[in-house]
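Presented below is the structure to which this report refers.
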Amino acid sequence: MSAVDKSGFFERVYDVAAQIPEGRVTSYGAIAKYLGAAKSARMVGWAMSASKHRDDVPAHRVVNRNGILTGKSHFGGSNAMQQLLEAEGVAVKELKILNFESIFWDPMIELDA
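Numbered according to this note's numbering, the sequence shown spans residues 1 to 113.
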């Protein structure tokens with residue numbers, strides 16, 4: 001994927017992530033699938049990492065498929081990701097979302113595909 005293609009993909013990822021409501025989370029794979037690139041969960045992770053200077057991208061609401069806060073490095077290795085989620089009412093224990101299934105936001109369902 002060229003730099004131009006990657007940039008366009010990242011912007012599409014950010015558009016989806018920006019729509020995740022407070023107190024809800026989604027996965028890298030769910031965003032990739034919604035964008036028609038089901039095998040590009042890692043690329044969604046790269047996009048989240050690259051968004052650290054963007055206030056319009058709630059990267060803390062994007063976790064791995066098991067509800068684990070794998071994006072912690074985006075937040076400088078601190079507990080900021082967990083703190084942001086907890087401030088929205090999301091229960092987290094040992095870097096894992098406790099009620100993951102009940103707060104999971106699936107863009108394939110929530111957004112018009």
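Cβ atoms here follow ideal geometry from the backbone N, Cα and C, with glycine treated the same way.
Asked                                                                                                       : Found
From R61, W46, I103, R42, residue whose alpha carbon lies closest to that of A17                            : R61
Outcome for I123 when other beta-carbon atoms lying within 10 angstroms are tallied against a minimum of 16 : Outside the shown range of the chain (1 to 113) lies residue 123, about which nothing can therefore be said.
Where the alpha helix (DSSP H) containing V44 begins and where it ends                                      : 41-50
Any non-hydrogen atom of the ligand MN within 8 Å of W46 CB                                                 : In the structure on display, the ligand MN does not appear, and there are no ligands present to speak of.
Straight-line gap, R41 to N64 (C-alpha atoms, nearest Å)                                                    : The amino acid occupying residue 41 in the given sequence is Ala; Arg does not appear at that position. Near 9 Å, if we compare the C-alpha coordinates of N64 and A41.
Proximity to G67 [Cα-Cα], best of T26, K39, P58, D56                                                        : T26
V16 (DSSP reduced to helix, strand or coil)                                                                 : helix
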